[in-house]
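**Student:** Protein chains in written order, with the working numbering: chain A, 35 to 430; chain B, 833 to 1290; chain C, 393 to 772. Here it is: the structure, laid out below.
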Amino acid sequence: MNDGELTYHKKDLPSSISKIGMVLLAIGVILGVVAFFVDHSRAVFNYLIAFAFMISIGVGALFLIALEYVAGADWSVPIRRVVEFFAAIIPFLAILVIPLLFNMGELFHWSHTEAITQDKILQGKAPYLNVPFFIIRVFVLIGIWSLFYFFFVRNSKMQDSTKDQKLTKINIRLSAIFIPIFALSITISAVDWLMSIQPHWFSTIFGVYFFAGTVVAALAAVTLATVLLKENGYLHPAMTNDHLFSLGALLFAFVNFWGYIAFSQFLLMWYADLPEETSWFLQKWEGSWAIFSIGLIVIHFLVPYVTLLSQPAKMDPKKLKFISVWLLFAHLYDLFWLVMPGMKQLSGGYSFSWIDFVFPIAVVGIIILVFNMKAKKENLVPIGDPKLKRGLDFHL
Amino acid sequence: MSTDYSIEAPVVRGRLSLSEIEELVAKPLDSKPDKKFFIALSISGSALLIGAVCLFYTFYYGIGMWGNNQPVGWGFGIVNFVFWVGIGHAGTLISAILFLLRQRWRTGIARFAEAMTIFAVMCAGIFPIIHTGRPWLAGYLTPYPNQHGLWVNFTSPLVWDVFAVSVYFTVSLVFWYTGLIPDFATLRDRTTSKIKKTIYSIFSLGWRHSSRHWQHYEKAYVILAGFATPLVLSVHTIVSFDFAVSILPGWHSTIFPPYFVAGAIFSGFAMVVTVLVFVRKIFDLQNIITIDHLEKMNKVILATGLMVGYSYGMEFFIAWYSGVPFEQFVFINRAFGPYAWAYWIMVSCNVFFPQLFWFKKIRRSIPVMMVIVILVNVGMWFERFVIVVTSLHRDFLPSSWGMYAPTLIDGGILLGSFGLFFTLVILFTKALPVVSISEIKAVADGAQPAHHRGKLNG
Amino acid sequence: MADKKIFGVTALFNNPDAIISAANKVASSGYTKWDVNSPYPLHGIDKAMKMKPSKLGFVTMIFGLSGVVLALLLMWWTMSVDYPMIIGGKPFFSLPAFVPVTFEVTVIMATVSTVVAMFAFFFGLPRNAHALHDTDYMKKVSRDHYGIVIEADDPRFDERSTIEFLRSLNPLSTEIIYYPEKERYPIFEPRFITFLFGVAVVVSLGTYLMLNKLMYIQPFNWMDDQAKISPQSSSTFFADGRGMRLPVEGTVARGFIPYPFMGETNPKEVLSNPYFPTKANLELGQRKFLTYCSPCHGNYAEGNSRLAGQFPNPPTLHSDRARNFEDGMIYHIITNGQNAMPSYASQVTREERWAIVNYIRVLQRAKNATDSDLKFVKVE
């Protein structure tokens, strides 16, 4: 038993972290503003991708918190704060979404009223795909997510000092309620932001597809932060590589899940060969997009699969750091692949532009800053959680 | 009574010693079957017999004895097949997936669940075999050397089904048998009957409980679990492909694979709960198959039920969103057409009633949970019925519309499949240990040495 | 008992912590042929015994990869090379459609090979004749004890010192294990052989009866007996007992449009000629005319064939009447017949009839050629 010597002492993150975050954010914002003027359409589409990425990280992290409570997992308790800090970006989504709402015409064909009058199919969808309802949905969802985030984190923080087990019970109840709400809200986000870019296309599995990518990205972010923080002594000293194994195993599992969902969607539409469905995939096969599409399979499935297959690899800090960064890039790549072929200028094939790299830089900056802000104010370990000791005792 | 989250709930209650566990689990194997056993066996046996008679009629007079006709060419045959394959999934999930997730509570129920998988897959396998009408000629379906130079169509989901279900059956059987070997050894070493000793010795392969062997054995178990997990997901995915690769409205929907898998786990767990409630009572296993186990399974039922409900909702929404009139019609027809009664049974049993499991009291109440889980199985059977029949009976051309009615023979064969399943389960309880003796001993209190650390900051 | 051969010595424990520390001691003592037995796997025993990690995973990997290769090879050969068929408009080698089968074959090969390799090669099982079977030690470790066994084959084994060493680990008890005296499961026991023989007889008889007798009885009769009417068989369905029936009145062959004016002596309408008088058509017409028409009408359609005088003379086709016939009327006469001339519909096909009509027109024009016609000929 690990009583006595190994206890957690809060250690502040180095000031260089916030400096890096601010630099990245500044670069991202300045270049982003420039990009808006240089190639407005490209900038707006890239902003959308970055925004969807932030939803994935933030809401995905919230899902992981709820999953831990509902499943009664103990190995993840020592790192739950890391997950909570990633979820902290959720309230900021309300502000970050605003530039998108001012550029809806650029993004969404269905937001043009003249286009709707010409198109019978769009007329049919108009009760759902109309600007006012869209905006309401966006803010309602961000509001709901923020509400759950607030309650989860408030109870978790309170437990640090009161060590009241009732708070765990409340959080478990909240988690159980949250998960179905999460399922619906992540589906609505996927349909609204990503699927409606091609408003004639539809797929019932799309929500699940975005969910799969979201969990991979959130897990990757959590894994990367956990390994880095653990290596540098910021987490509980009793944590071992066995805890990392569970993260590695979950990453592996969800990479497989993403591959399974992506393949199902593709196979069914390929097999039935209905033009109204295949058009979406065919567009991603035009010119150089074909190589891009093959790249998605390699980057998002094959490489992570092979890397994380063996038992030792799943708990190796070096491999985990590498594959986490890789998978974060892979999710961004996935979102890019989903959205960009829909941009008119790129319909013949991908052409390089520096703008594609601008907004991810800003996103990384924002996440680092928010994480750092929370880490300053709170313990990196939920010291009041009744399951903490069991979680630290976890071994393979 | 509030829970203390700082301590882990014991997997085996009642502080049973290793030998007490062994005695408890092996007791049914030592004693002669009693009257209750024979009553249960005769009920399931009668159902099986009815099914056998209906099968005889089918083989003698042909598939015309079934209700399949234009436009509903697929009827009870495929509905029952998908139903039974789905039920099989719970076993592998409990065995393999919960193992990989390190959920120790699976130990008490894994053996039984795996057995149920094998029996369920056997019941499922009957239907593809008999639906040709002359199953004794089934060899002709395999790629045998022939004058036409014909091969099977490897791109057809029906062929994928053959591979998937046979691989699933084989791997489940191997997984189950591998787990049984240490138990056969234990039974061999405690039995006094010479015949039983010979049988157990043969099946135990001479297992000596050697730690050097346990090391490889555990590795093999992890490998098997690691393969069984994607396998079980792939099987019902491939079954869903039977429908989803078509262009039929109501069938061609990309969400079918995860939707079917969730539904399979949903119905499978419901069947496991149904059977375990009886087994734990009859064989005095309440300390090994505890109310906590049942509660956890009910939580899984709730979760997967919500996934199924999500799929219903998503299909409905996208049907509207797509603007495709045929797609929209299918869903209106399901809810308000001539088979609306089946649809509403499905929705109430799969979506409404399981919501009662939000309440802890109901999750832990045996009578209420029995009702709910039986309704779940009814609902899941009707889900397959609704999917198959409503999409086929009214598709693109109104001039092709028609109705489907199953015949008594159809019903008899369905009844027979239940008879086969429960007969096998009942026989299993007397022939083999329903709980994995070695696994449950390994998680009993005081069975393992004091905790040792994993690699620190490796 | 000096004849008995020692297999090894054992020590029993009933506490998992005790066995772990005991195993540790044995592992560092220099013995190599030793083992721990427990009714279930003990956490940490691998480390205590200093066991090297299992290599079973390599078997899985090799067979799994072979599965991928084999499955893809099989499908490529059958679907893309040996008998390619266009299915659903997809290419002959459609990788997306090959994925499910490839996956299943990979899984079955990887899992079955792992289990078989483990039991057969890693463990050497089935082996029910091992010295430890049926010993008190085995019965205990099968139930709720843990044990250490050190085999006599070990180079450092010595009956006394090894037992002393084991006693130093504080076990509950120690025991010497001897090899069993007689073979426990003799294969050539008469009862067993008889049983095998009986099984063989039953199986072969059953197979013979099944394949040669049962498989020809209803309903297994390979569709020998069917309810349909076969050609030249009788039928109880019809009053006259005949199975073969004439077609119903007015039956028309598939794809055949009947000649609408059959039987009419003076048709009000006739068909129009769909054929141009091309060289090939006229040559056809000439051939057929000479074969079928010239015997009666003469080689130049003048009515002066060698049949003239034998029965009502076939008329000349150069009469005004004939020259004023529409093409369709000539066609009608050939098809329907006229007066003594029978129908030639069964001897010349429709196309041939029109060709004959065109040739008759040639003859008619030749017989009454105009100056301009002759000029045309001279130029030729």
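From the three backbone atoms N, C-alpha and C, an ideal C-beta is built for every residue, glycine too. Quick caveat: nothing in here was measured; it's all calculated off a predicted structure.
#1: Where B/V1105 and B/F1254 are concerned, what is the direct C-alpha to C-alpha distance, given to the nearest angstrom?
#2: What do you reckon, is the C-beta of C/G539 under 7 Å from a heavy atom of the ligand FMN?
#3: Which chain B residues sit within Cβ distance under 7 Å of A/Q299?
#4: Under 7 Å Cβ to Cβ from A/A246, same chain only, skipping five residues before and after it: list those, please.
#5: Which residues of the stretch 1065-1094 of chain B have a Cβ closer than 9 Å to any Cβ of chain A? Give them in chain order.
#6: The beta strand (DSSP E) with C/L568 in it runs from where to where?
#7: Exposed or buried, which one is B/Q1118 when buried takes at least 16 other CB atoms within 10 Å?
#8: DSSP three-state label for B/W1042, please.
#9: Can you pull the chain A residues whose beta carbon is under 8 Å from the beta carbon of C/G480, in chain order?
#10: Closer than 7 Å by beta-carbon distance: list the chain A residues that pair up with B/S863, in chain order.
#11: Measuring straight from C-alpha to C-alpha, what distance separates A/S299 and A/S237?
#12: In chain order, what residues of the stretch 1146-1165 of chain B put their CB closer than 7 Å to some CB of chain F?
#13: So which residues on chain B does C/P611 lean against when the C-beta distance must stay under 7 Å?
#14: Can you pull the chain C residues whose beta carbon is under 8 Å from the beta carbon of B/F780, in chain order?
#15: Could you spell out where the alpha helix (DSSP H) holding C/I398 opens and where it closes?
#16: Rounded to the nearest angstrom, what separates B/S876 and B/N1165 at their Cα positions?
#17: For a test of the three-state rule: what should DSSP assign to C/F703, helix, strand or coil?
#18: What number of angstroms, rounded off, separates the C-alpha of A/A251 from the C-alpha of A/F391?
#19: In the DSSP assignment, the alpha helix (DSSP H) including C/D438 goes from what residue to what residue?
#20: Would the beta-carbon of B/A996 fall within 8 Å of that of B/V1067?
#21: DSSP beta-bridge partners for C/S380?
#22: Kindly provide the ranges of any alpha helix (DSSP H) runs that are 4 or more residues long and lie completely inside the stretch 1092-1136 of chain B, ordered along the chain.
#23: By the three-class DSSP mapping on this structure, what secondary structure does B/N1209 have?
#24: When you check each C-beta in the stretch 112-128 of chain A against every C-beta of chain B, which residues fall closer than 8 Å?
#25: Between which two residues does the beta strand (DSSP E) carrying C/G539 extend?
#26: Identify the residues that DSSP records as bridge partners of C/Q730: which are they?
#27: Cutting at 7 Å between CB atoms, please list the residues of its own chain near A/V63, excluding the five before and the five after it.
#28: Are the C-beta of C/A489 and some C-beta of chain A separated by less than 8 Å?
#29: Is it buried or exposed, A/D307, if we count other Cβ atoms within 10 angstroms and call 16 or more buried?
#30: Can you tell which of A/N189, A/A217 and A/I99 has its C-alpha closest to the C-alpha of A/I23?
#31: Run through chain A and tell me which residues come within less than 9 Å of B/P1014, C-beta to C-beta.
#32: Express the C-alpha separation of B/F1001 and C/K447 in angstroms, rounding to a whole number.
#33: Output yes or no for whether 8 Å exceeds the beta carbon distance between C/P492 and B/I1097.
#34: Using the C-alpha atoms, what's the distance from C/V497 back to C/A512?
#35: Look up C/A394 in the DSSP assignment and say whether it is helix, strand or coil.
#36: Cβ atoms of C/V401 and C/T527: under 8 Å apart, would you say?
**Tutor:** According to the structure shown:
#1: Counting from one through the second sequence, the residue named residue 1105 of chain B turns up at place 273. Counting from one through the second sequence, the residue named residue 1254 of chain B turns up at place 422. Rounded to whole angstroms, B/V1105 to B/F1254 spans 14 Å at the Cα level.
#2: Only the bare structure without any ligand can be found here, which leaves the ligand FMN out of the picture.
#3: As a position in the first sequence, residue 299 of chain A is number 265, starting the count at 1. Ordered by position in chain B, the residues that pass the 7 Å Cβ test against A/Q299 are T1086.
#4: Looking up residue 246 of chain A in the first sequence gives position 212. Once the five neighbours on either side are set aside, the close Cβ partners of A/A246 are F288, F291, W292 and I295.
#5: L1065, S1066, T1069, S1072, F1073, A1076, V1077, S1078, I1079, H1084, S1085, T1086, I1087, F1088, P1089, P1090 and Y1091
#6: Start at 1 with the first residue of the third sequence, and residue 568 of chain C comes out as number 176. According to the sequence as given, residue 568 of chain C is Ile; it is not Leu. Residues S565 to Y570.
#7: Locating residue 1118 of chain B in the second sequence gives position 286, where the first residue counts as 1. It is exposed - the Cβ of B/Q1118 has fewer than 16 other Cβ atoms within 10 Å.
#8: For this step, residue 1042 of chain B is matched to residue 210 along the second sequence. For the record, residue 1042 of chain B in the displayed sequence is Ser; it is not Trp. Reduced to three states, the DSSP call for B/S1042 is strand.
#9: Numbered from 1 along the third sequence, position 88 holds the residue referred to as residue 480 of chain C. By Cβ distance, chain A contributes Y305 and D307.
#10: Mapped onto the second sequence, residue 863 of chain B falls at position 31. What B/S863 touches in chain A: nothing, since even the nearest Cβ is about 38 Å away.
#11: As a position in the first sequence, residue 299 of chain A is number 265, starting the count at 1. As a position in the first sequence, residue 237 of chain A is number 203, starting the count at 1. For the record, residue 299 of chain A in the displayed sequence is Gln; it is not Ser. The alpha-carbon atoms of A/Q299 and A/S237 are separated by roughly 8 Å.
#12: Of the chains in the structure shown, none is chain F; the protein chains are A, B and C.
#13: Taking the third sequence and counting its residues from 1, one reaches residue 611 of chain C at position 219. Those within 7 Å of C/P611 in chain B are F891 and Y892.
#14: Any property of residue 780 of chain B remains undetermined from this structure, which presents chain B solely from 833 to 1290.
#15: For the purposes of this step, residue 398 of chain C is taken as residue 6 along the third sequence, with counting starting at 1. Not the alpha helix (DSSP H): C/I398 falls in the beta strand (DSSP E), residues I398 to F405.
#16: Position 44 of the second sequence, counted from the start, is the residue given in the question as residue 876 of chain B. Position 333 of the second sequence, counted from the start, is the residue given in the question as residue 1165 of chain B. Going by the C-alpha atoms only, they are around 37 Å apart.
#17: The sequence position of residue 703 of chain C within the third sequence is 311, counting from 1. Looking at C/F703 - three-state DSSP - the assignment turns out to be strand.
#18: Start at 1 with the first residue of the first sequence, and residue 251 of chain A comes out as number 217. Start at 1 with the first residue of the first sequence, and residue 391 of chain A comes out as number 357. The straight-line gap from Cα to Cα measures roughly 18 Å.
#19: If you number the third sequence from 1, residue 438 of chain C lands on position 46. It spans I437 to A440 - the alpha helix (DSSP H) in which C/D438 sits, taken as one unbroken run.
#20: Here residue 996 of chain B refers to the residue found at position 164 of the second sequence. Here residue 1067 of chain B refers to the residue found at position 235 of the second sequence. Yes; because the gap between Cβ atoms is below 8 Å, this pair is in contact.
#21: The structure shown does not extend to residue 380 of chain C, since chain C spans only 393 to 772, so no value can be given for it.
#22: none
#23: Numbered from its first residue, the second sequence carries residue 1209 of chain B at position 377. The answer is helix: DSSP assigns B/N1209 an H, G or I state.
#24: none
#25: Taking the first residue of the third sequence as 1, we reach residue 539 of chain C at position 147. Here the beta strand (DSSP E) through C/G539 covers Y538 to E543.
#26: For the purposes of this step, residue 730 of chain C is taken as residue 338 along the third sequence, with counting starting at 1. Note: C/Q730 sits in a beta bridge opposite C/M733.
#27: Translated into positions along the first sequence, residue 63 of chain A becomes position 29. So the list reads A396, once near-sequence residues are dropped.
#28: Sequence index remark: in the third sequence, residue 489 of chain C carries index 97 (1-based). For C/A489, the answer is yes, since a Cβ of chain A falls inside 8 Å of its Cβ.
#29: Translated into positions along the first sequence, residue 307 of chain A becomes position 273. With fewer than 16 Cβ atoms within 10 Å of its Cβ, A/D307 is classed as exposed.
#30: Look at the range of chain A in this structure, 35 to 430, and you will see that residue 23 of chain A is not part of it.
#31: Position 182 of the second sequence, counted from the start, is the residue given in the question as residue 1014 of chain B. Here the premise fails: no neighbours, minimum Cβ distance about 21 Å.
#32: For this step, residue 447 of chain C is matched to residue 55 along the third sequence. For this step, residue 1001 of chain B is matched to residue 169 along the second sequence. Spanning the two alpha carbons is a distance of roughly 27 Å.
#33: For the purposes of this step, residue 492 of chain C is taken as residue 100 along the third sequence, with counting starting at 1. For the purposes of this step, residue 1097 of chain B is taken as residue 265 along the second sequence, with counting starting at 1. Cβ atoms of C/P492 and B/I1097: not closer than 8 Å.
#34: To locate residue 512 of chain C, count along the third sequence from 1; it is residue 120. To locate residue 497 of chain C, count along the third sequence from 1; it is residue 105. About 22 Å.
#35: By 1-based counting over the third sequence, the position of residue 394 of chain C is 2. Confidence in C/A394 is poor, its pLDDT being 49 and thus under 50, which makes the residue's placement too unreliable to answer from.
#36: Within the third sequence, the letter at position 135 stands for residue 527 of chain C. Within the third sequence, the letter at position 9 stands for residue 401 of chain C. Cβ atoms of C/T527 and C/V401: not closer than 8 Å.
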